[in-house]
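Scroll down for the structure; my scribbles are underneath it.
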Ligand code: AMP
């Protein structure tokens, strides 16, 4: 199954993707994570991308799509995959459409107030990249023992900008996939387990 997750930043795509990976036994591929790996590795692309990412600005489609295609060539994608963070614009969706035939797009619908609260309370592990919310996790350590920090792009002023980018450039994908007849909507307001159960119902 080839699946795309769309939703505002902080709608819980990463969390849902993690649960779907286990249930469907296919990998989740996050373009944000691919970029963060390049930053960690200190590549030129990573360093250039970081300047944009820290401000919540989209990185060039050319760079992202090349990275994604490389990742999709790996063996673990042969039974399908879950894309998280790509596509983010209509141009990217069209490129992807010419490259693969998707089975489904799951749109994670969450109110803006909830999203802002989730993003500003998000803490990310320096070691493994797992994320937590301060409301549910008061500890400053990850379960893996790594230190938790606030991502530069989870700071309030950047969150507001990322939300604008989402509304203007990514939200039109909802109609794009609706018109292709592969859109399903998951209400993601509740806890991660309920959202996951609803998503699994839609995947049946
Ligand atoms: P994410 O982890 O998905 O929230 O992505 C973090 C940042 O990485 C975004 O704010 C963008 O700067 C960049 N990014 C991730 N995916 C894409 C994409 N498909 N197109 C352009 N920029 C992206």
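In my numbering, the protein residues as written are 996 to 1199. Beta carbons: idealized from backbone N, C-alpha and C, even for Gly.
To the nearest angstrom, report how far apart residue i and residue j are at their CA atoms.
i, j, result
"residue 1194", "residue 1180", "8 Å"
"residue 1030", "residue 1007", "19 Å"
"residue 1100", "residue 1178", "5 Å"
"residue 1119", "residue 1097", "30 Å"
"residue 1109", "residue 1028", "23 Å"
"residue 1033", "residue 1040", "7 Å"
"residue 1102", "residue 1001", "5 Å"
"residue 1089", "residue 1130", "38 Å"
"residue 1171", "residue 1146", "30 Å"
"residue 1157", "residue 1054", "12 Å"
"residue 1138", "residue 1151", "26 Å"
"residue 1060", "residue 1013", "22 Å"
"residue 1124", "residue 1025", "12 Å"
"residue 1196", "residue 1144", "34 Å"
"residue 1198", "residue 1045", "35 Å"
"residue 1182", "residue 1035", "34 Å"
In the DSSP output, what is residue i paired with across the bridge?
i, result
"residue 1001", "1102"
"residue 1097", "None; residue 1097 has no bridge partner."
"residue 1181", "1103"
"residue 1161", "In DSSP, residue 1161 forms no bridge with anything."
"residue 1023", "1077"
"residue 1143", "1120"
"residue 1128", "1117"
"residue 1136", "1142"
Counting C-beta neighbours from all protein chains within 10 Å, is the total for residue i 16 or more, i.e. buried, or is it exposed?
i, result
"residue 1051", "buried"
"residue 1126", "buried"
"residue 1063", "buried"
"residue 1162", "exposed"
Measure the beta-carbon distance from residue i to residue j and round it to whole angstroms, keeping in mind my assumption that it falls under 8 Å.
i, j, result
"residue 1117", "residue 1159", "Not really, about 18 Å apart at Cβ, beyond 8 Å."
"residue 1022", "residue 1076", "5 Å"
"residue 1005", "residue 1114", "4 Å"
"residue 1083", "residue 1164", "6 Å"
"residue 1011", "residue 1191", "6 Å"
"residue 1106", "residue 1184", "6 Å"
"residue 1085", "residue 1168", "7 Å"
Could you check if residue i belongs to the surroundings of the ligand FAD, using beta carbon to heavy atom distance under 7 Å?
i, result
"residue 1182", "As presented, the structure is devoid of the ligand FAD, carrying the ligand AMP as its sole ligands."
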